[in-house]
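So the protein lines, in turn, are chains A and B.
Everything in the first sequence is counted per the numbering used here, starting at 1 for the first residue and increasing by one.
Everything in the second sequence is counted per the numbering used here, starting at 114 for the first residue and increasing by one.
The beta carbon of each residue, even a glycine, is placed where N, CA and C say it ideally should be.
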Amino acid sequence: DTAVSQTPKYLVTQMGNDKSIKCEQNLGHDTMYWYKQDSKKFLKIMFSYNNKELIINETVPNRFSPKSPDKAHLNLHINSLELGDSAVYFCASSQEGGLRTQYFGPGTRLLVL
Amino acid sequence: AQSVTQPDIHITVSEGASLELRCNYSYGATPYLFWYVQSPGQGLQLLLKYFSGDTLVQGIKGFEAEFKRSQSSFNLRKPSVHWSDAAEYFCAVGSTDSWGKFQFGAGTQVVVTP
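Here is the structure:
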């Protein structure tokens, strides 16, 4: 059973398009996160939701909008994709947030052409 | 400012040899420390974590790490590496005053030679 799953695994698209990445966790956690990993493998947090409420909102362009329909899901929608958005996006979840261990999904490799 | 440093970008080690990966942090509050491993094309898997108590922490896959407050370090070790240990290793730090905001180091890529 996959604990944290993401779809799609790969996403290749043209500049200017709008795309979404979905994340689901079956761990019963109430906190979920989105991270961006750039080409140098640097991992940086973008957003975090706790019980469907936005808790962490780092300096991210407005083109990125997270949405949490329920505690088990956190989706990431990206408008007007740019070349610099090419990266690997990781979803993670934890119990109660804070300093609890975060469990990561397999990542979504986004390539913007 | 809070920071996490992994001084070694790349380490090559022979199979069967010992491995030590360095992690240094700079945090104002009490740090909570983690080591994650990322195999090629995969997500991050937790190896071990330190919150409090015994400063020598045992993790999965035969890894251990030692928290040294005086040196602001949390180095990861394995006595004898296997070819399957080839991966990217990330040190991460959280603190009580930065809810959920783990700061990750830049990673250390480990290559294992026969």
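Cβ contact check for the segment 73 to 93 of chain A and the segment 33 to 53 of chain A: 3 or more pairs under 8 Å: yes
When B:116, B:167, B:152, B:137 are compared against residue 197 (chain B), the one with the closest alpha-carbon: B:152
Assigned secondary structure, residue 173 (chain B) (DSSP; H/G/I helix, E/B strand, else coil): helix
Any C-beta of chain B under 7 Å from that of residue 101 (chain A): yes
Residues within the segment 149 to 164 of chain B neighbouring chain A, beta-carbon criterion of under 9 Å: 149, 151, 154, 155, 156, 157, 158, 159, 162, 164
Beta-carbon proximity list for residue 10 (chain A), same chain, < 7 Å, skipping 5 on both sides: 109
Contact list for residue 43 (chain A) against chain B, beta-carbon separation under 7 Å: 203, 217
Partner residues on chain B for residue 105 (chain A), Cβ-Cβ distance less than 8 Å: 156
Beta-carbon proximity check, residue 214 (chain B) vs residue 45 (chain A), cutoff 7 Å: yes
Whether residue 27 (chain A) touches residue 93 (chain A) by CB criterion (7 Å): yes
Residue 7 (chain A) - containing beta strand (DSSP E), residue span: 4 to 7
Proximal residues of chain B, C-beta to C-beta of residue 90 (chain A) below 9 Å: 156, 157
Interface flag, residue 214 (chain B) vs chain A, CB-CB below 7 Å: yes
Continuous beta strand (DSSP E) stretch holding residue 221 (chain B): start and end: 221 to 226
CB contact flag (residue 19 (chain A), residue 75 (chain A), <7 Å): no
Residue 123 (chain B) versus B:162, B:133, B:117, B:206, residue with shortest Cα-Cα distance: B:133
Endpoints, beta strand (DSSP E) assigned at residue 163 (chain B): 157 to 163
Endpoints, beta strand (DSSP E) assigned at residue 53 (chain A): 53 to 57
Closest by C-alpha distance to residue 166 (chain B), when choosing among B:185, B:179, B:148: B:179
Three-state class that DSSP yields for residue 110 (chain A) in the structure shown: strand
Simplified DSSP assignment, three categories, for residue 166 (chain B): coil
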